[in-house]
Amino acid sequence: DEPLLALWEDLLQARASRGRPLMLVWLAALVCWVESDLATMGRHADADELVPLAFKRIQEAAQALPAGWRPCLELSEHRFEELKRTSTEASSIYGRKYEEQLLRELHAGSISASLDRAASKIFEAVKSAQRLT
-13 DEPLLALWED
-3 LLQARASRGR
7 PLMLVWLAAL
17 VCWVESDLAT
27 MGRHADADEL
37 VPLAFKRIQE
47 AAQALPAGWR
57 PCLELSEHRF
67 EELKRTSTEA
77 SSIYGRKYEE
87 QLLRELHAGS
97 ISASLDRAAS
107 KIFEAVKSAQ
117 RLT
């Protein structure tokens, strides 16, 4: 709980780290904290599962930080911007894949409803034909 309180203290006192947004500094430090775990995930997880798994791992790490932990980023501005671009790109790809999945599910639902209507009409036609014979 102590690192969470420290984050809130920094936020409430509007502290920034060399002009960088505070939440981004803390997030980047958490990513660095679990970097080896994330790299292992990247080698073994499917691309579609990677972002949710990475966020889950970062959340778990945030909940288990040792007392006294603070973000310690010894990153150059270039490396910081590179990490920011990578994060934005991953988020964009995940969002696009999520939208594509939703569209596929909507299309599948539409096809299923259409097939149900066609089956119902065929059933009614068979019943009508049976009454004529």
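Be aware that the sequence shown starts at -13, since it is given in the working numbering, and climbs by one per residue. Note that the Cβ used here is the ideal one computed from N, Cα and C, for glycine as well.
Using a C-beta cut-off of 8 Å, the stretch 20 to 28 makes contact with the stretch 38 to 54, since at least three inter-stretch Cβ pairs fall below that distance. Counting along the chain, the unbroken alpha helix (DSSP H) around residue 12 starts and ends at 8 to 19. Between residue 47 and residue 12, the C-beta spacing is not below 8 Å. The C-alpha of residue 113 lies about 18 Å from the C-alpha of residue 101. Taking the CA atoms as reference points, residue 9 sits about 18 Å from residue 76.
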